[in-house]
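Heads up, the thing below is written out as C-alpha coordinates.
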Amino acid sequence: MYSMIYDLTVYIKICNIKGDNVMKINFTSFKSVLMIFALIEVMVVGAYPAISSAEERDRNTITVQGSSSITVSPTIAYVSIGVTTFNKNAASAQSENAVKMDRVYKTLASLGIKKNKIKTVNYNISPRYDYKNNVATLAGYNVINSIRVTVNDLKKVSDVLDMTVKEGVNQSNSISFGVTDEERDRLYLQALSQAVSNAKEKANTIAAAAGIAISKPANIIEGSSAHFVQPNYRAMDMAKMASETAPTPISEGELMIEANVTVIYDY
(Lines of atoms letter the chains of each structure in order from A and count residues from 1; the text may use other names and numbers.)
(Lines give C-alpha, C1' and ligand atoms only; values in the text may rest on other atoms or scores of the structure.)
Protein backbone atom coordinates (compact mmCIF):
# COMPACT_ATOMS: atom_id res chain seq x y z
CA MET A 1 0.00 0.00 0.00
CA TYR A 2 2.88 2.37 0.81
CA SER A 3 4.47 1.83 -2.61
CA MET A 4 1.14 2.63 -4.28
CA ILE A 5 0.85 5.97 -2.48
CA TYR A 6 4.48 6.77 -3.35
CA ASP A 7 3.83 6.15 -7.06
CA LEU A 8 0.78 8.41 -6.94
CA THR A 9 2.74 11.16 -5.18
CA VAL A 10 5.33 11.10 -7.96
CA TYR A 11 2.49 11.28 -10.45
CA ILE A 12 1.20 14.51 -8.87
CA LYS A 13 4.64 16.11 -9.01
CA ILE A 14 4.93 15.33 -12.71
CA CYS A 15 1.48 16.76 -13.35
CA ASN A 16 2.39 19.92 -11.50
CA ILE A 17 5.10 20.63 -14.05
CA LYS A 18 2.59 20.45 -16.89
CA GLY A 19 0.41 23.28 -15.59
CA ASP A 20 -2.55 24.09 -13.40
CA ASN A 21 -5.23 22.76 -15.72
CA VAL A 22 -3.58 19.42 -16.22
CA MET A 23 -2.77 19.18 -12.53
CA LYS A 24 -6.40 19.75 -11.52
CA ILE A 25 -7.66 17.02 -13.82
CA ASN A 26 -5.00 14.56 -12.73
CA PHE A 27 -5.47 15.37 -9.03
CA THR A 28 -9.12 14.48 -9.36
CA SER A 29 -8.07 11.20 -10.94
CA PHE A 30 -5.60 10.67 -8.11
CA LYS A 31 -8.35 10.91 -5.47
CA SER A 32 -10.43 8.34 -7.32
CA VAL A 33 -7.51 5.97 -7.66
CA LEU A 34 -6.60 6.42 -4.00
CA MET A 35 -10.15 5.55 -2.93
CA ILE A 36 -10.00 2.41 -5.06
CA PHE A 37 -6.71 1.32 -3.50
CA ALA A 38 -8.04 2.04 0.00
CA LEU A 39 -11.11 -0.09 -0.71
CA ILE A 40 -8.93 -2.91 -1.98
CA GLU A 41 -6.81 -2.77 1.18
CA VAL A 42 -9.89 -2.93 3.44
CA MET A 43 -11.17 -5.95 1.51
CA VAL A 44 -7.84 -7.74 1.78
CA VAL A 45 -7.39 -7.02 5.50
CA GLY A 46 -10.99 -7.97 6.19
CA ALA A 47 -10.42 -11.30 4.54
CA TYR A 48 -7.62 -12.24 6.96
CA PRO A 49 -9.91 -13.52 9.78
CA ALA A 50 -11.82 -15.68 7.31
CA ILE A 51 -8.58 -17.07 5.93
CA SER A 52 -7.30 -17.69 9.47
CA SER A 53 -10.55 -19.44 10.45
CA ALA A 54 -10.36 -21.62 7.37
CA GLU A 55 -6.78 -22.55 8.23
CA GLU A 56 -7.86 -23.45 11.77
CA ARG A 57 -10.57 -25.73 10.39
CA ASP A 58 -8.13 -27.40 8.03
CA ARG A 59 -5.65 -28.20 10.83
CA ASN A 60 -5.35 -31.80 11.98
CA THR A 61 -5.34 -31.89 15.77
CA ILE A 62 -5.61 -34.26 18.72
CA THR A 63 -7.11 -32.92 21.96
CA VAL A 64 -6.38 -34.76 25.20
CA GLN A 65 -7.00 -34.25 28.90
CA GLY A 66 -4.17 -34.72 31.38
CA SER A 67 -4.55 -35.09 35.13
CA SER A 68 -2.50 -35.85 38.20
CA SER A 69 -3.00 -36.01 41.95
CA ILE A 70 -0.57 -35.98 44.84
CA THR A 71 -1.40 -37.27 48.31
CA VAL A 72 0.16 -35.54 51.28
CA SER A 73 -0.23 -35.59 55.04
CA PRO A 74 -1.60 -32.32 56.47
CA THR A 75 0.56 -30.19 58.73
CA ILE A 76 -2.02 -27.60 59.85
CA ALA A 77 -5.46 -27.83 61.45
CA TYR A 78 -8.17 -25.16 61.42
CA VAL A 79 -10.52 -25.45 64.38
CA SER A 80 -13.71 -23.38 64.42
CA ILE A 81 -15.23 -23.06 67.89
CA GLY A 82 -17.42 -20.58 69.71
CA VAL A 83 -19.23 -19.56 72.87
CA THR A 84 -22.98 -18.95 72.99
CA THR A 85 -24.55 -17.29 76.04
CA PHE A 86 -28.13 -16.33 76.90
CA ASN A 87 -29.57 -13.87 79.36
CA LYS A 88 -32.77 -11.89 79.69
CA ASN A 89 -30.60 -8.78 79.67
CA ALA A 90 -28.48 -8.13 76.56
CA ALA A 91 -25.61 -6.53 78.49
CA SER A 92 -25.50 -9.46 80.91
CA ALA A 93 -25.45 -11.98 78.06
CA GLN A 94 -22.62 -10.03 76.46
CA SER A 95 -20.65 -9.81 79.70
CA GLU A 96 -21.00 -13.54 80.40
CA ASN A 97 -19.82 -14.30 76.90
CA ALA A 98 -16.78 -12.03 77.26
CA VAL A 99 -15.75 -13.74 80.52
CA LYS A 100 -15.90 -17.19 78.96
CA MET A 101 -14.08 -16.12 75.81
CA ASP A 102 -11.33 -14.57 77.91
CA ARG A 103 -10.82 -17.95 79.59
CA VAL A 104 -10.77 -19.64 76.18
CA TYR A 105 -8.05 -17.27 74.94
CA LYS A 106 -5.96 -17.91 78.04
CA THR A 107 -6.34 -21.66 77.56
CA LEU A 108 -5.21 -21.41 73.95
CA ALA A 109 -2.23 -19.32 75.04
CA SER A 110 -1.29 -22.03 77.54
CA LEU A 111 -1.16 -24.46 74.61
CA GLY A 112 1.33 -22.23 72.83
CA ILE A 113 -1.16 -20.76 70.35
CA LYS A 114 -0.44 -17.10 69.67
CA LYS A 115 -3.10 -14.42 69.17
CA ASN A 116 -2.25 -14.02 65.49
CA LYS A 117 -3.37 -17.64 65.04
CA ILE A 118 -6.84 -16.81 66.36
CA LYS A 119 -9.38 -15.03 64.16
CA THR A 120 -12.88 -13.88 65.07
CA VAL A 121 -15.22 -15.11 62.34
CA ASN A 122 -18.58 -14.21 63.86
CA TYR A 123 -19.90 -12.03 66.66
CA ASN A 124 -23.64 -11.66 67.00
CA ILE A 125 -26.18 -10.37 69.52
CA SER A 126 -29.77 -11.30 68.73
CA PRO A 127 -33.10 -11.40 70.58
CA ARG A 128 -34.74 -14.71 71.40
CA TYR A 129 -38.52 -14.96 71.38
CA ASP A 130 -40.90 -17.47 72.90
CA TYR A 131 -44.00 -18.20 70.88
CA LYS A 132 -47.33 -19.13 72.41
CA ASN A 133 -50.64 -19.00 70.59
CA ASN A 134 -48.90 -17.25 67.70
CA VAL A 135 -47.82 -14.46 70.02
CA ALA A 136 -44.10 -13.64 70.27
CA THR A 137 -42.74 -12.69 73.66
CA LEU A 138 -39.17 -11.49 74.17
CA ALA A 139 -37.36 -14.11 76.25
CA GLY A 140 -33.89 -12.59 76.26
CA TYR A 141 -30.76 -12.28 74.14
CA ASN A 142 -28.28 -14.68 72.57
CA VAL A 143 -24.65 -13.68 72.16
CA ILE A 144 -22.46 -15.75 69.85
CA ASN A 145 -18.70 -15.32 69.54
CA SER A 146 -17.03 -17.70 67.08
CA ILE A 147 -13.31 -17.97 66.38
CA ARG A 148 -11.09 -19.87 63.97
CA VAL A 149 -7.91 -21.28 65.49
CA THR A 150 -4.92 -22.26 63.36
CA VAL A 151 -3.10 -25.15 65.02
CA ASN A 152 0.36 -25.90 63.63
CA ASP A 153 0.94 -28.89 65.92
CA LEU A 154 -1.66 -31.52 65.05
CA LYS A 155 -1.05 -33.32 68.33
CA LYS A 156 -2.66 -30.37 70.10
CA VAL A 157 -5.99 -30.46 68.25
CA SER A 158 -7.65 -32.73 70.82
CA ASP A 159 -6.35 -30.52 73.64
CA VAL A 160 -7.73 -27.41 71.93
CA LEU A 161 -11.17 -28.99 71.81
CA ASP A 162 -11.24 -30.61 75.23
CA MET A 163 -9.67 -27.78 77.23
CA THR A 164 -11.69 -24.98 75.64
CA VAL A 165 -14.95 -26.88 76.21
CA LYS A 166 -14.19 -26.87 79.92
CA GLU A 167 -13.80 -23.08 79.76
CA GLY A 168 -17.17 -22.46 78.13
CA VAL A 169 -16.95 -23.39 74.45
CA ASN A 170 -20.30 -24.90 73.50
CA GLN A 171 -20.18 -24.56 69.74
CA SER A 172 -17.97 -26.31 67.19
CA ASN A 173 -18.56 -25.56 63.53
CA SER A 174 -15.82 -27.55 61.85
CA ILE A 175 -12.30 -28.91 61.87
CA SER A 176 -10.36 -28.95 58.60
CA PHE A 177 -6.78 -29.72 57.67
CA GLY A 178 -4.24 -28.29 55.24
CA VAL A 179 -0.62 -27.46 54.51
CA THR A 180 1.27 -24.18 54.30
CA ASP A 181 0.74 -21.99 51.25
CA GLU A 182 4.32 -22.58 50.14
CA GLU A 183 3.93 -26.37 50.38
CA ARG A 184 0.57 -26.26 48.58
CA ASP A 185 2.03 -24.22 45.69
CA ARG A 186 5.06 -26.49 45.41
CA LEU A 187 2.95 -29.64 45.32
CA TYR A 188 0.50 -28.14 42.85
CA LEU A 189 3.28 -27.26 40.39
CA GLN A 190 4.54 -30.81 40.73
CA ALA A 191 1.06 -32.19 40.01
CA LEU A 192 0.69 -29.76 37.09
CA SER A 193 3.92 -31.01 35.50
CA GLN A 194 2.73 -34.59 35.89
CA ALA A 195 -0.62 -33.68 34.32
CA VAL A 196 1.14 -32.34 31.20
CA SER A 197 3.19 -35.56 30.99
CA ASN A 198 -0.01 -37.57 31.34
CA ALA A 199 -1.59 -35.64 28.46
CA LYS A 200 1.48 -36.22 26.27
CA GLU A 201 1.40 -39.95 27.02
CA LYS A 202 -2.27 -40.12 26.00
CA ALA A 203 -1.61 -38.19 22.78
CA ASN A 204 1.30 -40.46 21.85
CA THR A 205 -0.83 -43.55 22.49
CA ILE A 206 -3.63 -42.22 20.28
CA ALA A 207 -1.18 -41.17 17.56
CA ALA A 208 0.58 -44.55 17.55
CA ALA A 209 -2.73 -46.40 17.29
CA ALA A 210 -3.82 -44.14 14.42
CA GLY A 211 -0.49 -44.39 12.61
CA ILE A 212 0.28 -40.69 12.74
CA ALA A 213 3.02 -38.54 14.28
CA ILE A 214 2.23 -35.59 16.51
CA SER A 215 4.25 -32.39 16.71
CA LYS A 216 4.78 -30.07 19.65
CA PRO A 217 1.67 -28.83 21.54
CA ALA A 218 -0.27 -26.12 19.71
CA ASN A 219 -2.21 -25.09 22.81
CA ILE A 220 -2.16 -25.92 26.53
CA ILE A 221 -4.99 -24.90 28.86
CA GLU A 222 -4.59 -25.17 32.62
CA GLY A 223 -7.60 -26.45 34.52
CA SER A 224 -8.83 -25.11 37.84
CA SER A 225 -6.21 -24.16 40.42
CA ALA A 226 -4.99 -26.45 43.20
CA HIS A 227 -7.89 -28.55 44.40
CA PHE A 228 -7.84 -30.10 47.85
CA VAL A 229 -9.75 -33.21 48.82
CA GLN A 230 -9.63 -33.21 52.60
CA PRO A 231 -11.41 -34.63 55.64
CA ASN A 232 -13.74 -32.22 57.40
CA TYR A 233 -15.45 -32.68 60.76
CA ARG A 234 -18.60 -30.72 61.54
CA ALA A 235 -21.23 -30.16 64.23
CA MET A 236 -19.45 -31.92 67.08
CA ASP A 237 -21.44 -32.66 70.22
CA MET A 238 -19.81 -30.26 72.68
CA ALA A 239 -21.93 -31.37 75.64
CA LYS A 240 -20.84 -34.96 75.11
CA MET A 241 -17.22 -33.88 74.78
CA ALA A 242 -17.40 -31.98 78.06
CA SER A 243 -18.72 -35.05 79.90
CA GLU A 244 -16.07 -37.43 78.56
CA THR A 245 -12.74 -37.87 80.29
CA ALA A 246 -10.85 -39.47 77.39
CA PRO A 247 -9.25 -37.15 74.80
CA THR A 248 -11.37 -36.43 71.76
CA PRO A 249 -10.12 -38.70 68.94
CA ILE A 250 -9.15 -36.73 65.83
CA SER A 251 -7.77 -38.29 62.65
CA GLU A 252 -6.38 -35.85 60.10
CA GLY A 253 -6.28 -38.36 57.24
CA GLU A 254 -4.59 -37.26 54.03
CA LEU A 255 -4.96 -34.42 51.55
CA MET A 256 -5.11 -34.81 47.80
CA ILE A 257 -3.87 -32.06 45.51
CA GLU A 258 -5.15 -32.30 41.95
CA ALA A 259 -4.16 -30.63 38.67
CA ASN A 260 -5.76 -30.84 35.22
CA VAL A 261 -4.76 -29.64 31.74
CA THR A 262 -6.15 -29.75 28.21
CA VAL A 263 -3.52 -30.08 25.46
CA ILE A 264 -4.01 -29.75 21.70
CA TYR A 265 -1.42 -31.38 19.42
CA ASP A 266 -1.02 -30.83 15.68
CA TYR A 267 -0.26 -33.77 13.40
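FYI, in our numbering the residues of the sequence shown are 166 to 432.
Beta carbons are placed, not taken as given, at the ideal position from N, Cα and C, and that holds for glycine.
- Counting other Cβ atoms within 10 Å of its Cβ, E419 stays below 16 and is therefore classed as exposed.
- When the alpha-carbon of V426 is set against those of A360, K367 and G376, the nearest one is in A360.
- In chain order, I246, G247, V248, T249, I309, S311 and M403 place their CB closer than 8 Å to the CB of Q336, counting only its own chain and leaving out the 5 sequence neighbours on each side.
- If you compare the alpha carbons of A375, D431, L352 and N369 with that of S233, the shortest gap goes to L352.
- When secondary structure is reduced to three states using DSSP, Y296 falls in the strand class.
- Taking C-beta atoms under 8 Å as the contact rule, N262 and Y306 fail to qualify, at a distance of about 10 Å.
- In terms of Cβ geometry, T272 and T329 form a close pair [threshold 8 Å].
- According to the DSSP secondary-structure assignment, G343 is paired through a beta bridge with I241.
- The distance from the Cβ of S323 to that of I415 is about 5 Å, consistent with a contact at the 8 Å cut-off.
- The beta carbon of L357 sits closer than 8 Å to those of S233, E387, A424 and V426, all from its chain and outside the five residues before and after it, given in chain order.
- When DSSP assignments are scanned along the region 312–379, the uninterrupted stretches of alpha helix (DSSP H) that are 4 or more residues long and fall wholly within it turn out to be 322–331 and 346–375.
- Residue pairing by DSSP places L303 opposite Y294 in a beta bridge.
- Distance from the CA atom of E347 to the CA atom of P239, rounded to whole angstroms, is 13 Å.
- With a cutoff of 8 Å on beta-carbon distance, V229 and A364 are scored as near each other.
- Under the DSSP definition of a beta bridge, Q230 partners with T427.
- In the three-state reduction of the DSSP assignment, L420 falls in the strand class.
- Between I241 and A368 a beta carbon distance of about 38 Å is seen, past the 8 Å cut, so the two are scored as non-contacting.
- Around the beta carbon of E366, a 10 Å sphere encloses fewer than 16 other beta carbons of the protein chains shown; the residue is thus reported as exposed.
- A258 and N298 have their C-alpha atoms roughly 27 Å apart.
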